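Working notes, beginning with the structure itself.
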Amino acid sequence: MADIVLRTARATLRSPRATDVVPLLAIRAAPEVVEWWGAPALAELQACCDGRAAELFLVIEADGEVAGAIQAFEEEDEQFRHASIDLFIAPRHCNRGLGPEVIHALARYLADERGHHRITIDPAVDNVRAVRAYAKVGFRETARFSTVMF
Numbered sequence: 467m468a469d470i471v472l473r474t475a476r477a478t479l480r481s482p483r484a485t486d487v488v489p490l491l492a493i494r495a496a497p498e499v500v501e502w503w504g505a506p507a508l509a510e511l512q513a514c515c516d517g518r519a520a521e522l523f524l525v526i527e528a529d530g531e532v533a534g535a536i537q538a539f540e541e542e543d544e545q546f547r548h549a550s551i552d553l554f555i556a557p558r559h560c561n562r563g564l565g566p567e568v569i570h571a572l573a574r575y576l577a578d579e580r581g582h583h584r585i586t587i588d589p590a591v592d593n594v595r596a597v598r599a600y601a602k603v604g605f606r607e608t609a610r611f612s613t614v615m616f
């Protein structure tokens, strides 16, 4: 797959590089991120940064630095085609609207460029920051699942 670069008003979402492993590992080790993602796994981040991950994995850059990552798991079967999004952002980049901005950018890319008609998320219901970020983009709770349609 070719390198991907998506730009928003304040961030760039781009394909990862080997040099991203160290800053992403530091972000994943932050207590605020570990709370929702669990302990960081070096091998997992290396796989994501060298193209061995099964999911679409993009690095979020903001203010000239690695600010986190966003990923999409894609179901390619035409009968069930959809994608799901998840992300983590460094605590110092939180509470500034960056989350909704990058979620929207990836959701539009998945709909417009990759042909997904349904995007799903599954944050922990008590992860208020994540639920609020997804809601700002237009995701709505549907029973126990959240979906946005394009």
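In this note's numbering, the protein residues as written are 467 to 616.
Beta carbons: idealized from backbone N, C-alpha and C, even for Gly.
Please read all numbers here as calculations on a predicted model, not as lab measurements.
- Under the 8 Å Cβ criterion, the stretch 582-601 does not count as touching the stretch 506-522, having fewer than three qualifying pairs.
- The closest CA to that of S481, considering only R547, D543 and Q537, is found on Q537.
- By the criterion of a C-beta distance shorter than 7 Å, D516 is surrounded in its chain by A484, once the five residues flanking it on both sides are discounted.
- Between R558 and the set D552, Q545, D529 and R580, the nearest pair of CA atoms involves D529.
- Shown here, D592 sits in coil according to DSSP, grouped into three states, outside any helix or strand.
- By the CB criterion at 8 Å, N593 and W502 fall inside the cutoff.
- Bridge partners of L522 according to DSSP: A538.
- Taken in chain order, the complete alpha helix (DSSP H) segments of 4 or more residues contained in the stretch 552-578 are 564-578.
- Put simply, of V525, R547 and E607 the residue whose alpha carbon is nearest the alpha carbon of L576 is R547.
- Residue pairing by DSSP places E531 opposite A528 in a beta bridge.
- With a cutoff of 8 Å on beta-carbon distance, L479 and L564 are scored as not near each other.
- Of the candidates E544, V568, I551 and D552, V568 places its Cα closest to the Cα of I526.
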